[in-house]
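Engineer: First the structure, then my questions, so here it is.
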Amino acid sequence: MQDMTQMSTTEQFLFYIQENGWYVFNQFLDHFLISIYGVLLAALIGIPLGVLISKYGKLSNVVITLANIIQTIPALALMAILMLVLGLGKTTVIVTVFFYSLLPIIKNTYVGITTINKSVTDAGRGMGMTKIQVLYMVELPLSLSVIITGIRIALVVAIGITAIGAFIGAGGLGDIIIRGTNATDGTAIILAGALPTALMAILSDIILGIIERRLDPVKRQQKRISATV
Amino acid sequence: MRMLKIENLTKVYRGGKVAVDKLNLDIQEGEFIAFIGTSGSGKTTALRMLNRMVEPSSGKMTLNGKDLTKMNAVTLRRSIGYVIQQIGLMPHMTIRDNITLVPQLLKWSKEKKDETARRLIELVNLPQSYLDYYPAQLSGGQQQRIGVLRALAANQDIILMDEPFGALDPITRDTLQDLIKDIQQRLKKTIIFVTHDMDEAIKLADRIAIMHEGKLIQFDTPDNILAAPANDFVKEFIGSHRLIQQKPNVKTVDEVMIKPISITIEKSLDEAIRLMVEKRVDTLFVTDGDNRLQGYLDVESFTGARKTKKSVSECYEKEVFYVKTGSKLQDSVRRILKRNLKNIPVVDEEHRLVGLVTRANIVDIVYDTIWGDEEQEVSVEGQIGSEDLKELISG
Ligand SMILES: Nc1ncnc2c1ncn2[C@@H]1O[C@H](COP(=O)(O)OP(=O)(O)OP(=O)(O)O)[C@@H](O)[C@H]1O
Ligand SMILES: [Mg+2]
């Protein structure tokens with residue numbers, strides 16, 4: 000065993016990763032899955048809800064206001080409240096992430112669908128599409144990139160919330176950060192938790208950004224145009 | 000004979016606005032009907048009731064005795080073509096998929112859809128390669144051509160068009176009007192067309208329905224409406240200049256056209272030049288073996304080309320404006336002026352070249368009529384318009 004106190008922070012950090020690589024990796028995976036589960040759950044509920052309120056204008060105010068209110072509650076407070084019901088552990092964090100992800104997903108679905116040029120949906124209906132066909136042949140394809148933007152925003156926020164989730168025993172990279180704060184001279188350990196968290200957030204953002212651009216009909220066409228010219 | 004019968008069709012919108020009030024119309028198969036009227040007169044509402052995009056409040060619509068209001072609205076819409084004013088192509092679909100949208104909904108096989116798209120795009124003079132493009136890559140006029148094709152793709156007999164050319168520039172509009180009239184006659188479609196351009200209505204329609212505040216004021220052929228407007232509103236709507244134009248002495252192109260000099264497409268350039276010199280003309284019309292008009296050759300097509308190109312087929316101009324035999328002289332004069340043409344060939348129903356109207360021989364006619372018989376001066380001026388005349392003689 001080397002004398003930790005003799006090493007620089009960077010060396011300590013590398014040493015920690017070397018010694019605990021597997022543990023860090025597992026926490027990384029846990030962290031990622033908790034965030035993803037929460038966001039997917041929110042997408043599962045939020046996208047249909049967004050579609051619904053885009054059809055029934057009156058509902059939209061109520062739903063979006065509600066989602067806005069949830070967003071204003073501090074994450075830790077929301078988690079504490081949910082903990083009273085759901086107890087300690089992963090489930091509570093996933094549910095917290097779910098609540099936080101609802102707003103961007105509902106809102107973007109709503110905006111994506113309501114900003115589609117009305118002449119396009121009118122033409123679809125005029126050609127003899129049923130309501131369902133208008134939805135999946137016209138509205139969803141045309142708003143997909145905006146919906147993905149919502150998911151992207153939700154996921155980045157979710158990764159941050161999951162880090163806090165370690166306080167109620169959900170594991171994840173936050174766990175490593177807490178260990179670091181408890182250890183004397185734990186900067187390197189904090190870094191071993193914080194850097195992968197940041198990395199995860201940035202990578203998710205970039206990857207979903209690429210998917211989003213791929214799915215944007217307008218941008219996709221511009222690419223084709225420049226390819227044909 | 001198929002027939003669309005509209006009886007007492009009425010639409011009252013929520014809030015009590017009576018947009019269409021007891022509309023009665025009989026439309027024959029193969030007719031071109033234009034709805035015209037001021038803004039808010041209920042044209043769009045009337046049109047959209049026919050494919051149930053707007054549900055009628057009361058009244059009956061029957062197609063060969065079949066009650067359209069009892070049909071499933073989705074099935075009905077798939078059987079009626081619809082061209083909307085804002086074009087409304089699907090931005091995320093290729094031109095091919097846009098054209099075959101209704102066949103797609105009707106679950107045609109892929110081969111049949113592809114074949115349809117290929118066949119149709121030829122109809123509007125666009126290259127096959129456009130089938131793989133997206134709408135944003137096309138100009139407004141090209142997009143509206145696709146919009147028209149979309150309404151034809153599933154062999155719909157009846158096509159509804161709501162100001163389809165409203166947003167286009169005059170020349171493009173003119174071209175598309177010719178195109179749609181040609182398609183309508185060739186494919187024997189029944190077209191119901193909304194417009195607020197009287198010239199467009201007169202040019203295209205077999206019968207014009209004039210609407211005002213939800214009511215049908217007059218429904219008759221353009222000639223009859225111009226000759227006997229039902230009331231002052233119609234008179235004002237038509238405009239006094241058109242009423243004068245409609246006075247007697249309407250000549251057709253057939254009366255003034257001369258024999259064109261033409262050459263068949265497989266001939267060599269040397270032969271073409273010899274023919275031009277011999278006949279002392281600067282334009283040769285290019286035809287195929289059956290005398291069908293293919294394009295033209297003029298002095299410009301020769302410059303620089305002679306060394307590398309040997310035959311007519313290699314260097315003739317394919318884009319040629321023409322009029323159909325039987326069309327009114329004033330239409331061809333207007334077209335010659337609008338496009339600044341030297342002359343305009345006349346073709347028959349089979350697209351065979353039958354004559355030529357030149358600026359020079361129009362001036363001759365005008366001269367003859369004005370100075371040949373003083374009394375007819377007014378009617379001649381009316382016939383082609385004094386503005387047109389000045390332009391014609393100076394240009
Ligand atoms: N959805 C609607 N709800 C209530 N009123 C409507 C609706 N659509 C149209 N109207 C009214 O019905 C009348 C007829 O409208 P319509 O769109 O049929 O006119 P139009 O002849 O097509 O006019 P334009 O030439 O401007 O297109 C107008 O007064 C319009 O305000
Ligand atoms: Mg209208």
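Those protein sequence lines, which keep their order, are chains A and B.
For the first sequence, counting from 1, position 20 maps to 19 in numbering that gives the first Met the number 0; every step adds exactly one.
For the second sequence, counting from 1, position 248 maps to 247 in numbering that gives the first Met the number 0; every step adds exactly one.
Virtual Cβ for every residue (Gly too), placed ideally from N, Cα, C.
All figures in this text were calculated on a predicted structure; none of them were measured in a lab.
#1: Measuring alpha carbon to alpha carbon, tell me which of B:Asn63, B:Leu67 and B:Tyr132 ends up nearest B:Asn97.
#2: Count the other C-beta atoms from every protein chain shown that fall within 10 angstroms of the C-beta of A:Arg213, then say buried if there are 16 or more, exposed otherwise.
#3: Should A:Ala165 go down as buried or exposed, given a rule of 16 or more other Cβ atoms within 10 Å for buried?
#4: Between the region 75-93 of chain B and the region 101-114 of chain A, can you find at least three pairs of beta-carbon atoms closer than 8 Å?
#5: So if DSSP puts B:Lys65 in a beta bridge, which residue, or which two residues, is it bridged to?
#6: Taking 8 Å as the CB-CB limit, is B:Gly87 close to chain A?
#7: Name the chain B residues whose beta carbon is nearer than 8 Å to that of A:Pro140?
#8: Can you list, in chain order, every residue whose CB sits closer than 5 Å to a heavy atom of ligand 1?
#9: I need the DSSP call for B:Ser261, collapsed to helix, strand or coil.
#10: Compute every distance between the C-beta of B:Val193 and the non-hydrogen atoms of ligand 2, then say whether any falls below 7 Å.
#11: Mapping the DSSP letters down to three states, classify B:Phe284 as helix, strand or coil.
#12: Just to confirm my understanding: we take B:Ile224, look at its own chain, exclude 5 residues before and 5 after, and list those with CB closer than 8 Å. What are they?
#13: Contact criterion: CB-CB distance below 8 Å. Does A:Met128 meet it with respect to chain B?
#14: Report the partner residues of B:Gln6 according to the DSSP bridge assignment.
#15: If you follow the beta strand (DSSP E) that B:Asn23 is in, where does it begin and where does it stop?
#16: Check whether the region 27-38 of chain A and the region 156-163 of chain A are in contact - that is, three or more C-beta pairs closer than 8 Å.
#17: Could you please give me the residues that DSSP links to B:Val11 through a beta bridge?
#18: Out of A:Gly45, A:Ile63 and A:Ser144, state which residue places its alpha-carbon closest to the alpha-carbon of A:Ala96.
#19: Any heavy atom of ligand 2 closer than 7 Å to the beta-carbon of B:Asp161?
#20: Measure the CB-CB distance between B:Ile32 and B:Ile190 and report whether it falls below 8 Å.
#21: Which class does B:Pro134 belong to by DSSP, given the choice of helix, strand or coil?
#22: Do A:Ile167 and A:Glu211 have their C-beta atoms closer together than 8 Å?
#23: Going by CA-CA distance only, name the one from A:Thr9, A:Val94, A:Tyr15 and A:Ala122 that's closest to A:Ala42.
#24: Determine the burial state of B:Phe164: buried for a count of at least 16 other Cβ atoms within 10 Å of its Cβ, exposed for fewer.
#25: Less than 8 Å between CB atoms is the rule here; does B:Ile120 satisfy it with respect to chain A?
#26: Kindly confirm or deny that the region 56-67 of chain B and the region 2-22 of chain B touch, where touching means at least three C-beta pairs closer than 8 Å.
#27: What is the rounded straight-line gap between the Cα of A:Met78 and the Cα of B:Arg144?
#28: Whole angstroms is fine: what's the gap from B:Leu125's alpha carbon to B:Lys106's?
#29: Output the distance between the C-alpha atoms of A:Ala200 and A:Val62, rounded to the nearest integer angstrom.
#30: Taking 8 Å as the limit between beta carbons, can you name the residues of its chain near B:Asp372, skipping five residues before and five after?
#31: If we count the other Cβ atoms within 10 Å of its Cβ and call it buried at 16 or more, is A:Ile80 buried or exposed?
#32: Counting along the chain, where does the beta strand (DSSP E) carrying B:Met160 start and finish?
#33: Just by C-beta distance, which residues in the region 80-110 of chain A are closer than 8 Å to chain B?
#34: Which bits of chain A does B:Ile83 rub up against, with CB to CB less than 7 Å?
#35: Could you list which residues in chain A have their beta carbon closer than 9 Å to that of B:Met52, in chain order?
#36: Where are the alpha helix (DSSP H) runs, 4 residues long or more, that stay fully inside the region 135-223 of chain B, in chain order?
Structural biologist: Straight from the coordinates:
#1: The shortest CA-to-CA distance from B:Asn97 to any of B:Asn63, B:Leu67 and B:Tyr132 is the one to B:Tyr132.
#2: With fewer than 16 Cβ atoms within 10 Å of its Cβ, A:Arg213 is classed as exposed.
#3: Classification for A:Ala165: buried.
#4: With a cut-off of 8 Å, the region 75-93 of chain B and the region 101-114 of chain A do not count as touching, because too few Cβ pairs lie within range.
#5: Paired residue(s): B:Leu62.
#6: For B:Gly87, the answer is yes, since a Cβ of chain A falls inside 8 Å of its Cβ.
#7: By Cβ distance, chain B contributes His91.
#8: Going along the chain, the residues that qualify are B:Tyr12, B:Lys16, B:Ala18, B:Ser38, B:Gly39, B:Ser40, B:Gly41, B:Lys42, B:Thr43 and B:Thr44.
#9: In this structure, B:Ser261 counts as strand in the three-state DSSP scheme.
#10: At least one heavy atom of ligand 2 is nearer than 7 Å to the Cβ of B:Val193, so yes.
#11: Strand, per DSSP.
#12: Only Ile207, Ile209, Gln217, Val233 and Ile237 meet the Cβ criterion.
#13: Taking CB atoms only, A:Met128 has a neighbour in chain B less than 8 Å away.
#14: At residue 6 of chain B the sequence reads Glu, which differs from the Gln that was named. Residue pairing for B:Glu6: DSSP places it in a beta bridge opposite B:Lys59.
#15: Secondary structure note for B:Asn23: its beta strand (DSSP E) is the uninterrupted segment Val17 to Gln27.
#16: Touching, yes.
#17: Paired residue(s): B:Val17.
#18: Here the sequence assigns Val to residue 96 of chain A, which means Ala is not the residue at that position. Relative to A:Val96, the option among A:Gly45, A:Ile63 and A:Ser144 whose CA is nearest is A:Gly45.
#19: Yes; taking the cut-off as 7 Å, the Cβ of B:Asp161 has a heavy atom of ligand 2 nearer than that.
#20: Note that the C-beta distance between B:Ile32 and B:Ile190 is below 8 Å.
#21: It is helical.
#22: Not a contact, by the Cβ cut-off of 8 Å.
#23: Out of A:Thr9, A:Val94, A:Tyr15 and A:Ala122, A:Val94 has the C-alpha closest to the C-alpha of A:Ala42.
#24: So B:Phe164 counts as buried.
#25: Output row for B:Ile120: interface = no.
#26: Counting C-beta pairs closer than 8 Å gives three or more between the region 56-67 of chain B and the region 2-22 of chain B, which meets the contact rule.
#27: Taking the straight line from one Cα to the other gives about 58 Å.
#28: Those two C-alpha atoms are separated by around 26 Å.
#29: Those two C-alpha atoms are separated by around 28 Å.
#30: Residue placement at B:Asp372 is flagged as unreliable, the pLDDT there being 46, under the threshold of 50; the coordinate-derived value follows with that caveat. There are no such residues.
#31: With a threshold of 16 other beta carbon atoms within 10 Å, A:Ile80 falls short and is exposed.
#32: For B:Met160, the enclosing beta strand (DSSP E) has its first and last residue at Ile157 to Asp161.
#33: Against chain B - using a Cβ distance shorter than 8 Å - the region 80-110 of chain A contributes no residues.
#34: Within 7 Å Cβ-Cβ: Ser118, Asp121, Ala122 and Gly125.
#35: Correct list: Asp121, Arg124 and Gly125.
#36: Inside the region 135-223 of chain B, DSSP marks whole alpha helix (DSSP H) runs of 4 or more residues at positions 139-149, 169-186 and 197-203, from first to last along the chain.
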